[in-house]
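2 protein chains.
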Amino acid sequence: MATVPRVTQPDSLSSLPVKGEPLLNSTVNTLRDRIMNGAYSDGMLPPQGTLCEELGVSRSVVREAMRQLQSLRLIEVSQGAPARVLPPGSAAMADSLHHFMCRTDASLTQLAEIRLPLEVEITGFAAERINAEGLLRLHIAVRRLTEAKTVEEQSDADLEFHRVLAESTGNPIFVFLLDALAELLRESRRRTIGRVGISPALAGHLAILQAIEKRDVKAARAAMGEHIRCAIRDLDPSNVIPSNR
Amino acid sequence: MATVPRVTQPDSLSSLPVKGEPLLNSTVNTLRDRIMNGAYSDGMLPPQGTLCEELGVSRSVVREAMRQLQSLRLIEVSQGAPARVLPPGSAAMADSLHHFMCRTDASLTQLAEIRLPLEVEITGFAAERINAEGLLRLHIAVRRLTEAKTVEEQSDADLEFHRVLAESTGNPIFVFLLDALAELLRESRRRTIGRVGISPALAGHLAILQAIEKRDVKAARAAMGEHIRCAIRDLDPSNVIPSNR
DNA sequence: GTGCACCAACATGTCATACAAGTTCGAGAA
DNA sequence: TTCTCGAACTTGTATGACATGTTGGTGCAC
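Chains as they are written, first to last, in the working numbering: chain L, 85 to 329; chain B, 85 to 329.
Given below as structure tokens:
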């Protein structure tokens, strides 16, 4: 791939203490930079006591900093064991989206309105870029959907199909965004499948797969558009997203 | 508008202490629920000491909980003054997107690949749903772009145009997502404008505005698609997003 | 009376210490 | 060899103390 602008982590100067800035801020920045730069590549953070000595701050500051990193989903802390670095994922984004929707009274229908263009675009790229392995995974996902016994399995197979498409774009941000949306639509989707069955989803997936195999971008986009619009129609108005995690 | 599924905050039971769960978790949940439910509607949280008594926990716990809410961008804390509730915004999402892009080496070009379908869809909805006030604001934004002296003003006018379109969809999630993307593309856009001038942006905006005034959804979408693709072409490969906030 | 400077009360930031509770891992028993 | 158990380590919570920043009112100067 050609040289392309990247989101980089400039030389981390954040360690040097800034006068007037709370100690906590620089501590958070230092730890975040270390994590982003791949220090702690074994996934284990040093114990809080060690960090205190290294950074020259008290355990309160280290603890509060780690709490922030925990909410950012950069690390996971549990009592007794040292904190672990989490792999990059969509959980943080799902959190922020969830909070936003709760506080602005946005509806699931409006969320699906965002999903539509994303999935359509993903499908278009996938039709252009998918490789043999991706096609195989799509076939497997379709088969899993037909053979799934429980609603849980059906929902998983459905999600897997869309995820393979997103991965086939070669653009990780598509996967990231789709995951975040899926997280919020998860419960809703499960109930929809339980109510209307898998027929609509299966028909949609087959049409999409067929178009993709022909490398027909236009038809693939159209099929996905229809598939999503159909899913929106089937949205159960009583479905809500639970606020607890 | 019809009755539609909403993201709701179910009756907050999270206050009841769960055995084995760290005190901190329930404290975070309690405070978050209170904020989401509109307690503290004056925007001011009680002092930490008061919260300690109310929740029956020590100040350490309250402080760590507030740190988490701070990283979630739900509150803002500053020394000396009590913490304030922040209005819902896209900052948290921009954070998570930023972290994800840093850790996965995603490029700005890939980010723009996501922006394309979103903006096109937004423009389509805007062409259908925009009202007189929205049209007026679009005209003003175009005029501001032509009359802007500094790169800063140009960049602002550019952003304003896209923001009005997003707001015209009536779907707050579009605004939310676009804001988060814009935050990351901000520096890049500024440099692009400084390098290639406003002519391409201005031409694009005019074409879009013209199509929207005719309520021509197809033409509006096409014009926005061309506009964004043009912006992607002009992306300066040397542009990077700074990691500090 | 009006406006300013200043100070007291208050709130948060940071530190130190102590103990409770959970995890890990090796020594020793079966 | 395998299982059990406990010591050492690590995080969770509480408390008290002091530093630093903010707020609002008092009282002086004009």
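The beta-carbon is built from N, C-alpha and C at its ideal position, and this holds for glycine as well.
Quick check on residue i - is its C-beta less than 9 Å from some C-beta in chain L?
i: B:Met177; result: yes
i: B:Ile198; result: yes
i: B:Glu148; result: yes
i: B:Ala190; result: yes
i: B:Pro131; result: no
i: B:His183; result: yes
i: B:Phe245; result: no
i: B:Leu261; result: yes
With 9 Å set as the bound, which would you pick, yes or no: does the beta-carbon of residue i sit closer than that to a beta-carbon of chain B?
i: L:Pro172; result: yes
i: L:Leu152; result: In the sequence on display, residue 152 of chain L carries Gln and not Leu. Closer than 9 Å to some Cβ of chain B, the Cβ of L:Gln152 qualifies, so yes.
i: L:Leu100; result: In this prediction, L:Leu100 has a pLDDT of 46, which is less than 50 and means its spatial position is unreliable; nothing more can be read from the coordinates.
i: L:Arg157; result: yes
i: L:Ser180; result: yes
i: L:Arg187; result: yes
i: L:Glu310; result: no
i: L:Val204; result: yes
i: L:Thr134; result: no
i: L:Asn215; result: no
i: L:Asn328; result: For L:Asn328, the predicted structure reports a pLDDT of 39, less than 50, and the residue's modelled location is therefore unreliable. A value from the coordinates is still provided. It does: the Cβ of L:Asn328 has a partner Cβ on chain B nearer than 9 Å.
i: L:Pro201; result: yes
i: L:Thr114; result: no
i: L:Ile282; result: no
i: L:Ser144; result: yes
Could you have a look at residue i and say whether DSSP puts it in helix, strand or coil?
i: L:Ala196; result: helix
i: B:Ile282; result: coil
i: B:Val141; result: coil
i: B:Arg201; result: What sits at residue 201 of chain B in the sequence shown is Pro, not Arg. B:Pro201 falls in the helix class under three-state DSSP.
i: L:Pro256; result: helix
i: B:Ala165; result: strand
i: B:Ser191; result: strand
i: L:Ala291; result: helix
i: B:Glu160; result: strand
Using a Cβ-Cβ cut-off of 6 Å (strictly less than) and excluding sequence neighbours within five positions of residue i, which residues of its own chain qualify?
i: B:Ala250; result: Ile206, Phe258, Val259 and Leu262
i: L:Gly288; result: His311
i: L:Ala306; result: none
i: B:Val145; result: Leu107, Leu108 and Thr111
i: B:Ala372; result: In the structure displayed, chain B extends from 85 to 329; residue 372 of chain B sits before or after that span and is not available.
Take residue i and list the residues in its own chain whose beta-carbon comes closer than 8 Å to its own, dropping the five residues that flank it on each side.
i: B:Glu236; result: Arg274
i: B:Pro166; result: Met128, Leu129, Pro130 and Pro131
i: L:Arg228; result: Glu237, Asp240, Ala241 and Glu244
i: L:Phe184; result: Ala190
i: B:Gly278; result: Val235
i: B:Leu202; result: Phe258, Leu261, Leu262 and Leu265
In whole angstroms, what separates the C-alpha of residue i from that of residue j?
i: B:Ala232; j: B:Gln238; result: 5 Å
i: L:Met150; j: B:Gln163; result: 19 Å
i: L:Ile214; j: L:Gly254; result: 9 Å
i: L:Ala196; j: L:Glu105; result: 42 Å
i: B:Ile159; j: L:Ser110; result: 19 Å
i: B:Arg221; j: B:Ala241; result: 11 Å
i: L:Gly309; j: B:Ala123; result: 41 Å
i: L:Arg143; j: B:Pro172; result: 32 Å
i: L:Gly133; j: B:Thr234; result: 50 Å
i: B:Ser252; j: B:Thr230; result: 22 Å
i: B:Val204; j: L:Ser125; result: 40 Å
i: L:Val169; j: B:Leu268; result: 24 Å
i: L:Leu153; j: L:Arg118; result: 12 Å
i: L:Val161; j: L:Ser174; result: 18 Å
i: L:Arg270; j: L:Thr276; result: 10 Å
i: L:Ile292; j: L:Leu115; result: 45 Å
Excluding sequence positions up to five away, which residues of its chain have a Cβ less than 7 Å from the Cβ of residue i?
i: L:Val301; result: Gly208, Ala211 and Glu212
i: B:Ala176; result: Leu156 and Arg157
i: L:Pro284; result: Cys314 and Asp318
i: L:Val141; result: Leu107 and Thr111
i: B:Leu243; result: Ala266
i: L:Ala225; result: Ala241, Glu244, Phe245 and Val248
i: L:Arg147; result: Gln132
i: L:Ile282; result: Leu229 and Gln238
Need the endpoints of the beta strand (DSSP E) that residue i sits in, please.
i: L:Ala175; result: From DSSP, L:Ala175 is part of no beta strand (DSSP E) but of the alpha helix (DSSP H) over Ala175 to Thr188.
Taking the continuous alpha helix (DSSP H) assigned at residue i, which residues delimit it?
i: B:Leu219; result: Ala216 to Glu231
i: L:Lys302; result: Val301 to Arg317
i: L:Asn121; result: Here L:Asn121 belongs to no alpha helix (DSSP H), and DSSP marks it neither H nor E.
For residue i, is the beta carbon positioned less than 8 Å from some heavy atom of the ligand ZN?
i: L:Ala167; result: Looking for the ligand ZN in the displayed structure turns up nothing, as the structure carries no ligands at all.
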